[in-house]
Amino acid sequence: MADQDRAQIYLATPRHPELSTLPGQLAGLLDRFEIACIRVIPDSADEDRICRLTDAVREVAHARDVAVVLDEHFRLVDRLGIDGVHLVDAARQVRDVRKLLGPDAVVGSYCGASRHAGMTAAEIGADYVALGPVTASAALGDGKTADPDLFQWWSEMIETPVVAEGGLGLDAVRSVAPFADFLCLQDEVWSADNPADALAAIIDALG
Numbered sequence: 245m246a247d248q249d250r251a252q253i254y255l256a257t258p259r260h261p262e263l264s265t266l267p268g269q270l271a272g273l274l275d276r277f278e279i280a281c282i283r284v285i286p287d288s289a290d291e292d293r294i295c296r297l298t299d300a301v302r303e304v305a306h307a308r309d310v311a312v313v314l315d316e317h318f319r320l321v322d323r324l325g326i327d328g329v330h331l332v333d334a335a336r337q338v339r340d341v342r343k344l345l346g347p348d349a350v351v352g353s354y355c356g357a358s359r360h361a362g363m364t365a366a367e368i369g370a371d372y373v374a375l376g377p378v379t380a381s382a383a384l385g386d387g388k389t390a391d392p393d394l395f396q397w398w399s400e401m402i403e404t405p406v407v408a409e410g411g412l413g414l415d416a417v418r419s420v421a422p423f424a425d426f427l428c429l430q431d432e433v434w435s436a437d438n439p440a441d442a443l444a445a446i447i448d449a450l451g
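451 is the number that our numbering gives the last residue of the sequence shown; the numbers go up by one with no jumps.
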């Protein structure tokens, strides 16, 4: 995850992906836009479904040298041949998962709007910390939001890359992009009638 002059795009899979069409959709986006990482967010607890979804994403992403991480299911990382895991319980599992997966795996940690949780995750080995939602989001958080001041403080004080996630409308993108290393996008892209146009608008908002 190299340093860049502006926030990079970190794309999460749709909430209800269709395995028959998702690879083509992803390929179209990856061929048109520079995307740093794909995060697989399972839509089922069924392990077979998780594996088939991740396999489909990995084939498209790795063919284009784009990293793939999986939400939560760290024990499947090696089996599926992906790059790492995204944990959603702040810093609680980071140390143990790092020991299990080794130094080369990506271990990311979602820490809500908590500066303390984010600092703890960074100190014990997270490769990145995700903070958010930036504006109210039904999908994330406990009602608290991570405002631009938190991202600015992080960018000035902490070396570990920070991901802005949740509620990233165009105004929110403009407010946090100067301080975030990555923007994690899901509904912002996939809920649009044309995901490519939605992503293009967000990238344009980065300046």
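Idealized CB from N, CA, C, for every residue including glycine. Note that the structure is a prediction, hence the values are computed from the model and not measured.
Option nearest residue 369 by Cα separation, candidates 335, 387 and 377
The sequence position of residue 369 within the sequence shown is 125, counting from 1. Of the candidates 335, 387 and 377, the residue whose Cα lies closest to the Cα of residue 369 is 335.
Name the DSSP bridge partner or partners of residue 255?
Your numbering for residue 255 matches position 11 in the sequence shown. According to DSSP, residue 255 bridges with 282 and 429.
Whole beta strand (DSSP E) elements within the segment 306–339, 3-residue minimum:
Scanning the segment 306–339 from its first residue to its last, the whole beta strand (DSSP E) runs of 3-plus residues come out as 311–315 and 328–331.
Quick one: give me the first and last residue of the alpha helix (DSSP H) that residue 375 is part of.
Along the sequence shown, one-based indexing puts residue 375 at 131. That residue, residue 375, is in no alpha helix (DSSP H); its beta strand (DSSP E) goes 372–375.
Which listed residue (371, 289 and 352) has its alpha carbon closest to that of residue 331
Locating residue 331 in the sequence shown gives position 87, counting from the first residue. Here the closest residue by C-alpha is 352.
Can you check which of these residues, 424, 438 and 448, is closest to residue 251 by C-alpha distance?
One-based indexing of the sequence shown puts residue 251 at position 7. With distances taken between Cα atoms, residue 251 lies closest to 424.
Apart from the five residues just before and just after residue 439, which ones in its own chain have a Cβ nearer than 8 angstroms to its Cβ?
In the sequence shown, residue 439 corresponds to position 195, counting from 1. Cβ neighbours of residue 439 beyond the five flanking positions: 269, 273 and 433.
Relative to the C-alpha of residue 338, which residue among 408, 320, 323 and 316 is closest?
Residue numbering aside, residue 338 sits at position 94 when the sequence shown is read from its first letter. Here the closest residue by C-alpha is 316.
Residues in the same chain with beta-carbon distance under 8 angstroms from residue 247, minus the five sequence neighbours each way, listed in chain order, please.
By 1-based counting over the sequence shown, the position of residue 247 is 3. At residue 247 the pLDDT is 43, less than 50, meaning the model places this residue with poor confidence; the figure from the coordinates comes in the next sentence. Result list for residue 247: 425, in chain order.
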